[in-house]
Amino acid sequence: MTEDPNEALARIREAREGVPGPVAYPVAWDLAYGAICGLMVASQGLPTPWAMLALVIALAGLAICVQWWRNRVGWWVSGYSPKRARWVAIGLAVILIALMGLSIWGKDAGMVWMPLATGAAGFVSAIIGGRLWMHVWKRELAGDLS
Amino acid sequence: MTPPPVFDPVIHAPGRLQICAILSSVDEAEFALIRDTIKVSDSVLSKHLKQLEDAGYITLTKTPVDGRSRTWASLTPAGKKAFAAHVAELNRLAALTQAPVLGKGFSG
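For the record, the sequence lines run as chains R and F.
Position 55 of the first sequence, counted from 1, bears residue number 55 in the numbering used here, the numbering being contiguous throughout.
Basically the numbering used here = 1-based index in the second sequence + 1000.
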């Protein structure tokens, strides 16, 4: 071995921290991601043909967003890959699924306004969850190498 | 679970160590991002990537963007395991260098 282990570990930390460091993604990303999640949630409360159409639009939007991100920043990480940050993604998924359930319940109960309310809640949750995930992930990269 | 510490000479070279560090942080990274992060030339990075690919530690894929081909790299399961084992070995060695010297102060 030619290098001090502490120096090697420092190199690893430096490289890991350098990946997301310069990424200052625009607010437009938050708005787009929030809108996609909000649409997915709200679509569950719409009548069948509109629900399908809204879901297809949301999934197509998600695919476009992922492609945009990859081309712009040069890396991609699934929300569920990092050990600690994945819990934020799981928490967000649970919230969105619960909101979808609420949308379906509202449809069955004849509450026509419910998709608007759950969609708005999904929009806000996705933006907060997305930013929180990024914060936790950056801290995870700067943390222990164990 | 932390894997048993194993020193890996393929990974340990500074450039390849940093490439593995980057790829262990993400699902996949693009050639230019890796090059700019570890500050090496295209040819040096290509060489490192080839060595890691030959060892079965990474996979390289090419995707067309605006008529140009971009190379993306990602760690294979074997690469993830080898890198984690190597980091565990570095941590073990680093801990040894920080351990107090036993018997210091004894005159015998």
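C-beta: ideal position from N, C-alpha, C; glycine also.
Got a sec? Which residues, its chain only, sit under 7 angstroms from ILE1034 (chain F) by beta carbon, not counting five neighbours each side? Excluding sequence neighbours, ILE1034 (chain F) sits near ILE1019, ILE1022, LEU1045 and ALA1073.
Give the DSSP-derived three-state secondary structure of LYS1062 (chain F) in the structure shown. Strand, per DSSP.
Unbroken alpha helix (DSSP H) runs of length 4 or more, entirely within the stretch 46-106 of chain R: which are they? Fully enclosed alpha helix (DSSP H) runs of 4 or longer: 48-73.
Check for me: the alpha helix (DSSP H) holding SER1046 (chain F) runs from which residue to which? Here the alpha helix (DSSP H) through SER1046 (chain F) covers 1042-1054.
From what residue to what residue does the beta strand (DSSP E) around GLU1089 (chain F) run? First-last for GLU1089 (chain F): 1077-1098, but that is the alpha helix (DSSP H), not the beta strand (DSSP E).
Integer Cβ distance of SER1025 (chain F) from ARG72 (chain R), believed to fall under 8 angstroms: In this structure SER1025 (chain F) is not in contact with ARG72 (chain R), their Cβ atoms being roughly 18 angstroms apart against a cut-off of 8 angstroms.
Opening and closing residue of the beta strand (DSSP E) in which ALA28 (chain R) lies: Counted as a single uninterrupted DSSP element, the stretch harbouring ALA28 (chain R) is not any beta strand (DSSP E) but the alpha helix (DSSP H) occupying residues 27-43.
Residues in the stretch 1027-1039 of chain F with C-beta within 9 angstroms of chain R's C-beta atoms, listed in sequence order? Within the stretch 1027-1039 of chain F, those residues whose Cβ lies closer than 9 angstroms to any Cβ of chain R are, in chain order, ASP1027, GLU1028, ALA1029, GLU1030, PHE1031, ALA1032, LEU1033, ILE1034, ASP1036, THR1037 and ILE1038.
For ILE1040 (chain F), I'd like the list of residues in its chain whose CB is within less than 7 angstroms of its CB, leaving aside the five on either flank, ordered along the chain. The sequence shown places Val at residue 1040 (chain F), not Ile. So the qualifying residues of the chain are GLY1015.
Since GLY1085 (chain F) meets chain R, which of its residues come closer than 8 angstroms, beta carbon to beta carbon? Note on identity: in this sequence residue 1085 (chain F) is Ala, with Gly being the wrong assignment. Within chain R, no C-beta atom comes nearer than 8 angstroms to that of ALA1085 (chain F); the closest sits roughly 12 angstroms away.
Could you check whether the Cβ of PRO1014 (chain F) sits closer than 9 angstroms to any Cβ belonging to chain R? True, the Cβ-Cβ gap to chain R drops below 9 angstroms.
Leaving aside the five residues before and after ALA120 (chain R) along the sequence, list all residues of the same chain whose C-beta is less than 7 angstroms from its C-beta, in chain order. Correct list, in chain order: GLY38.
Find the nearest neighbour of THR48 (chain R) within the set R:ILE104, R:ILE127 and R:LEU141, judged by alpha-carbon distance. For THR48 (chain R), the closest of R:ILE104, R:ILE127 and R:LEU141 by C-alpha to C-alpha distance is R:ILE104.
Proximal residues, the stretch 61-89 of chain R versus chain F, C-beta separation under 7 angstroms: Sequence-ordered contacts of the stretch 61-89 of chain R with chain F read ASN71, GLY74, TRP75, TRP76, VAL77, SER78 and SER81 [C-beta pairs closer than 7 angstroms].
Using a Cβ-Cβ distance under 9 angstroms, would ASP30 (chain R) count as near chain F? Not closer than 9 angstroms to any Cβ of chain F, the Cβ of ASP30 (chain R) fails to qualify, so no.
Within the continuous alpha helix (DSSP H) that includes GLU17 (chain R), where are the two ends? Residues 5-18.
Please go through the same chain and pick out, in chain order, the residues whose beta-carbon is closer than 8 angstroms to the beta-carbon of VAL1006 (chain F), but skip the five residues on each side of it. If we look at VAL1006 (chain F) and ignore the five residues flanking it on each side, its Cβ neighbours are ALA1082, ALA1085, HIS1086, ALA1088 and GLU1089.
Using a Cβ cut-off of 9 angstroms (strictly closer), state whether ALA1055 (chain F) contacts chain R. Answer no: the Cβ-Cβ gap between ALA1055 (chain F) and chain R never drops below 9 angstroms.
Check the C-beta distance from THR1059 (chain F) over to THR1076 (chain F) and give it rounded, since I have them as a contact under 8 angstroms. Between THR1059 (chain F) and THR1076 (chain F) a beta carbon distance of about 6 angstroms is seen, short of the 8 angstroms cut, so the two are scored as contacting.
Alpha carbon to alpha carbon, how far is PRO82 (chain R) from ALA89 (chain R)? C-alpha of PRO82 (chain R) to C-alpha of ALA89 (chain R): approximately 10 angstroms in a straight line.
Neighbour-count burial assignment, GLY1056 (chain F), 16 or more Cβ in a 10 Å radius: Flag for GLY1056 (chain F) reads exposed.
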